[in-house]
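Here's the structure, in structure tokens; my notes come after.
Residue numbers (my numbering): 55 to 194.
What follows is the structure, encoded as structure tokens:
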């Protein structure tokens, strides 16, 4: 049976994440060899599309309860903006010294690692996880 055509939410979401990671990697490797600025811009747009769908749409909806999805998505976007601003300080120095290639290589390494962490740390997607209230936690 083909992985992407399975009926489970877990396989559908992980299949989407694998497809977006693969597409992102193709864009990342291709942008360093783009023949024109227009092609490079199109590839960067593809990367941002894959990133947005990968991290801020797929994961919160499958990991957190419905009542928390909007909050988690908003916090993820806010933290992503802050970290993006901080990363620009370092990225500017790297681009000035070595060009954009090391930045794209770093991104190409981080997405598969993140996907591996989803498989290892989160496990099955689509499972509602409940946090026990403090009163039901046994006291030592």
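Backbone N, C-alpha and C fix where the C-beta goes; we use that ideal spot for every residue, glycine too.
### Reduced DSSP category for residue 32 - H, G, I as helix; E, B as strand; rest coil
Lying outside 55 to 194, the shown extent of the chain, residue 32 is not represented and no answer is given.
### Task
Give the straight-line distance between the Cα atoms of residue 159 and residue 99, rounded to the nearest whole angstrom.
17 Å
### Task
Note down, in chain order, each residue of its chain lying with its Cβ closer than 6 Å to the Cβ of residue 179, except the 5 sequence neighbours on either side.
64, 67 and 116
### Task
Kindly list the residues whose CB is nearer than 8 Å to the CB of residue 94, restricted to its own chain and excluding five residues on each side of it in sequence; keep chain order.
85 and 88
### Query
How is residue 144 classed by DSSP in three states: helix, strand or coil?
helix
### Query
What do you reckon, are the CB atoms on residue 169 and residue 71 nearer than 9 Å?
yes
### Query
Helix, strand or coil: how does DSSP classify residue 87 here?
coil
### Task
Taking all protein chains shown into account, decide if residue 136 is buried (16 or more other Cβ within 10 angstroms of its Cβ) or exposed.
exposed
### Query
Which residues bound the alpha helix (DSSP H) around residue 159?
155-171
### Message
Do residue 108 and residue 165 count as a contact pair if the criterion is CB distance below 9 Å?
### Response
yes
### Message
For a quick check, are the C-beta atoms of residue 149 and residue 157 less than 9 Å apart?
### Response
yes
#### Entry: Endpoints, the alpha helix (DSSP H) within which residue 115 is located
113-117
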